[in-house]
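Let me begin by presenting the structure, written as structure tokens, before commenting on it.
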Amino acid sequence: MQLYPAIDMKNGQCVRLRQGKFKEITVYSDSPEKVAAYWESQGATFLHLVDLDGALAGYSVNEDAIRRIVAAFSKPIEIGGGIRTEEAIERMLNLGVSRVIIGTKAVQNPLFLRDAVTHFGADRIVAGVDAKNGLVAIEGWEKVSEISASDLCGQMKEYGVRHVVYTDISRDGMLTGPNVEATKALTEATGMDIIASGGMSSMDDLRRLHEAGVKGAIIGKALYENRINLKKAVETFE
Numbered sequence: 000m001q002l003y004p005a006i007d008m009k010n011g012q013c014v015r016l017r018q019g020k021f022k023e024i025t026v027y028s029d030s031p032e033k034v035a036a037y038w039e040s041q042g043a044t045f046l047h048l049v050d051l052d053g054a055l056a057g058y059s060v061n062e063d064a065i066r067r068i069v070a071a072f073s074k075p076i077e078i079g080g081g082i083r084t085e086e087a088i089e090r091m092l093n094l095g096v097s098r099v100i101i102g103t104k105a106v107q108n109p110l111f112l113r114d115a116v117t118h119f120g121a122d123r124i125v126a127g128v129d130a131k132n133g134l135v136a137i138e139g140w141e142k143v144s145e146i147s148a149s150d151l152c153g154q155m156k157e158y159g160v161r162h163v164v165y166t167d168i169s170r171d172g173m174l175t176g177p178n179v180e181a182t183k184a185l186t187e188a189t190g191m192d193i194i195a196s197g198g199m200s201s202m203d204d205l206r207r208l209h210e211a212g213v214k215g216a217i218i219g220k221a222l223y224e225n226r227i228n229l230k231k232a233v234e235t236f237e
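Per numbering that gives the first Met the number 0, the very first residue in the sequence shown carries number 0; after that it's consecutive.
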């Protein structure tokens, strides 16, 4: 199971939100590149970045910080948040990012994702599926659509998408444990690389995901609050 330590960026800082609410924010570092370098020193083999400002604005806002993180972290990096055009995808890849996560645009215009996979390759494009009560949320989680997560993943698979970051918004930043059942169901139904996100709180959570056959897990607040030791987790599950 691939583990992804998360760095969420807002105003160039490394932060965490509760349930995606921008008013409930904790700042962990003014230097996200130092955080990235630390996670690599602890054995991180892939990094998950989120441009929170970009998710709301609809375009990348923290490019300077992204550039510094890429310079500080020698392993692959994926990023999401406000990436809604082919030009934006290309810009991120040119910065040295390995994979780009498309969320809002995937819901509003699924054919965009199909074209992106065709143009950039399936290993460069990730579908970001953020759900609340099984329905997909968009625009920085400010709006909930009428599309179910399972239907969207099925559609994405038809378009050649291989990687999906699945976030249960109700658990994000809450340290209440991931939605193992929903993530397992998506993995089994689609056969895709479903990456669990939201609520990771302990080694036991990672163990349950691993035993469920889930392909990846994003770890955020649990690392920053010292509830999960990344080095030990990498040694155990990767």
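Built from N, CA and C at the ideal position, the CB exists for glycine as well. Computed from a prediction, not measured in an experiment: that's the story for all the values here.
| Query | Result |
| --- | --- |
| Report the residue ranges of all alpha helix (DSSP H) runs contained in full by the stretch 17 to 101; include only those spanning at least 4 residues, in chain order. | 31 to 40, 51 to 56, 62 to 71, 85 to 94 |
| Whose C-beta lies closer than 7 angstroms to the C-beta of S246 among residues of the same chain, with five residues either side of it excluded? | In this structure the chain extends from 0 to 237, so residue 246 is not present and cannot be described. |
| I need the straight-line Cα distance from G11 to A148, nearest angstrom please. | 31 angstroms |
| Nearest-angstrom Cα distance between I100 and G80? | 7 angstroms |
| Please look up how many angstroms separate the CB atoms of Y3 and A136, rounded, as I've assumed it's under 8 angstroms. | Rounded, the Cβ-Cβ distance is 20 angstroms, inconsistent with contact. |
| Under a three-way DSSP split, which group does E145 fall into? | strand |
| Which one or two residues does DSSP pair with H162 in a beta bridge? | V125, D192 |
| Would you check if the distance between the CB atom of V128 and the CB atom of V163 is smaller than 7 angstroms? | yes |
| When you compare only the Cα positions, how much space is there between L134 and E145? | 6 angstroms |
| Between L208, R15, A115, which lies nearest to M155 when the distance is taken from Cα to Cα? | A115 |
| Name the DSSP bridge partner or partners of R15? | T25 |
| For I88, which residues from the same chain have a beta carbon less than 7 angstroms from its beta carbon, with the 5 sequence-adjacent residues on both sides left out? | I82, V99, A115, F119 |
| Where do the ends of the alpha helix (DSSP H) carrying E214 lie? | With the sequence shown as reference, residue 214 is identified as Lys, and Glu is not the correct amino acid for it. That residue, K214, is in no alpha helix (DSSP H); it is neither H nor E in DSSP. |
| Taking all protein chains shown into account, decide if A43 is buried (16 or more other Cβ within 10 angstroms of its Cβ) or exposed. | buried |
| Specify the secondary structure class of I168 as computed by DSSP and reduced to three states. | helix |
| Just the C-alpha distance for A56 and N228, rounded to the nearest angstrom, thanks. | 34 angstroms |
| Leaving out the 5 sequence neighbours to the left and right, which residues in its chain are closer than 7 angstroms to Y223 when beta-carbon positions are compared? | R15, Y27 |
| On the DSSP bridge assignment, give the partners of D7 in chain order. | V14, V49 |
| So for L205, helix, strand or coil by DSSP? | helix |
| Use the C-beta contact count for N93: other C-beta atoms within 10 angstroms, 16 or more gives buried, fewer gives exposed. | exposed |
| Along the chain, where does the alpha helix (DSSP H) containing L134 start, and where does it finish? | Looking at the DSSP string, L134 is not in any alpha helix (DSSP H); the run it does join, the beta strand (DSSP E), is 134 to 137. |
| For L151, which residues from the same chain have a beta carbon less than 6 angstroms from its beta carbon, with the 5 sequence-adjacent residues on both sides left out? | V128, V135 |
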